[in-house]
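Numbering (our numbering), first residue to last: 94 to 306.
Written below as structure tokens is the structure these notes are about.
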Amino acid sequence: MPTELSSRLRLLLQQKIHVAADAYAGSGRAAQSRFPSAWSAAMETARLLADLPEGAIHWWAEQPAGHLLLTADDDSYAATLSMDGEELQGVALLPMAWLVGERARALAAALRPLDHLLGCGGGTDGRWLSEGGGINPRWQRVGEQIAQLFPLGYGATEASRQNPRVYLAEGLALALRDRQRLNTQDPKLERLLAASLLAAGFWRNFRAESDAR
94 MPTELSSRLR LLLQQKIHVA ADAYAGSGRA AQSRFPSAWS AAMETARLLA
144 DLPEGAIHWW AEQPAGHLLL TADDDSYAAT LSMDGEELQG VALLPMAWLV
194 GERARALAAA LRPLDHLLGC GGGTDGRWLS EGGGINPRWQ RVGEQIAQLF
244 PLGYGATEAS RQNPRVYLAE GLALALRDRQ RLNTQDPKLE RLLAASLLAA
294 GFWRNFRAES DAR
């Protein structure tokens, strides 16, 4: 397993990826065989996100909210969570074993904080991007389009057809793994993601707008 991470992924790892105290011991034999330590599993979590645009990763790492917590078996999402005396906001809990046996599922779970951040800044209330939210007009337009696509029912799983957050997480994960497959399954979502969340230029313009304020 390679150990080197790019500077952008190291930043994300340092700022956003955490490991619960019992995660490694409870992760099972497959995960423990694959990862010599909890830290190596955290590094692998960062690698899952390597195909996001560089601007997306840098922006995510800079935000106060939007964390990933490796766990033994919990795959929930916490609006707030206390860890080592620090109050974390917007935390996706991700079972460590998924990094070995269910990587597509792990990637979708790991992308949830980005939906939350882009929708309402990771706040405890407000709409996520997938629900039609958006932290500025640029992202509001994207959120509104996702909210219009969700009811069409093109999600690949029953959960994604019932929950817009799952719809975006699974769709974005598939776009990162196999964009052609998403184009066949849900072409409108693929085109929207290609022009927004997965477009380096879109992120450059967003960050330039933010810096100009």
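Ideal placement from N, C-alpha and C gives every residue a C-beta, glycine not left out.
None of these values were measured; they are calculated from a predicted model.
Distance, residue j Cα to residue i Cα
i: residue 249; j: residue 288; result: 21 Å
i: residue 221; j: residue 194; result: 28 Å
i: residue 131; j: residue 144; result: 23 Å
i: residue 229; j: residue 294; result: 17 Å
i: residue 218; j: residue 122; result: 39 Å
i: residue 226; j: residue 196; result: 28 Å
i: residue 236; j: residue 216; result: 16 Å
i: residue 173; j: residue 179; result: 10 Å
i: residue 183; j: residue 171; result: 6 Å
i: residue 284; j: residue 190; result: 32 Å
i: residue 108; j: residue 167; result: 21 Å
i: residue 57; j: residue 242; result: With the chain represented from 94 up to 306, any question about residue 57 goes unanswered, as that position is not in the structure.
i: residue 129; j: residue 233; result: 43 Å
Start-to-end residues for the alpha helix (DSSP H) that takes in residue i
i: residue 247; result: Unbroken run through residue 247: none, as it is neither H nor E.
i: residue 138; result: 131-141
i: residue 277; result: 272-278
i: residue 210; result: 205-213
i: residue 192; result: 191-194
i: residue 121; result: Taken as a continuous stretch (DSSP letters only), residue 121 belongs to no alpha helix (DSSP H), as it is neither H nor E.
Own chain residues within Cβ distance below 6 Å of residue i, not counting five before or after
i: residue 115; result: 165
i: residue 210; result: 156, 159
i: residue 117; result: 131
i: residue 147; result: 101
N- and C-terminal bounds of the beta strand (DSSP E) containing residue i
i: residue 176; result: 170-176
i: residue 180; result: 179-188
i: residue 110; result: 110-112
i: residue 164; result: 160-164
Own chain residues within Cβ distance below 7 Å of residue i, not counting five before or after
i: residue 203; result: 138, 141, 142, 161, 185, 187
i: residue 263; result: 201, 248, 249, 250, 253
i: residue 208; result: 221, 222, 223, 258, 261, 262
i: residue 47; result: Look at the range of the chain in this structure, 94 to 306, and you will see that residue 47 is not part of it.
i: residue 304; result: none
i: residue 95; result: Legend: pLDDT at residue 95 = 46, less than 50; position of this residue unreliable, no value from coordinates given.
Close Cβ partners of residue i (< 8 Å) along its chain, the five nearest in sequence each way excluded
i: residue 104; result: 150, 151, 154
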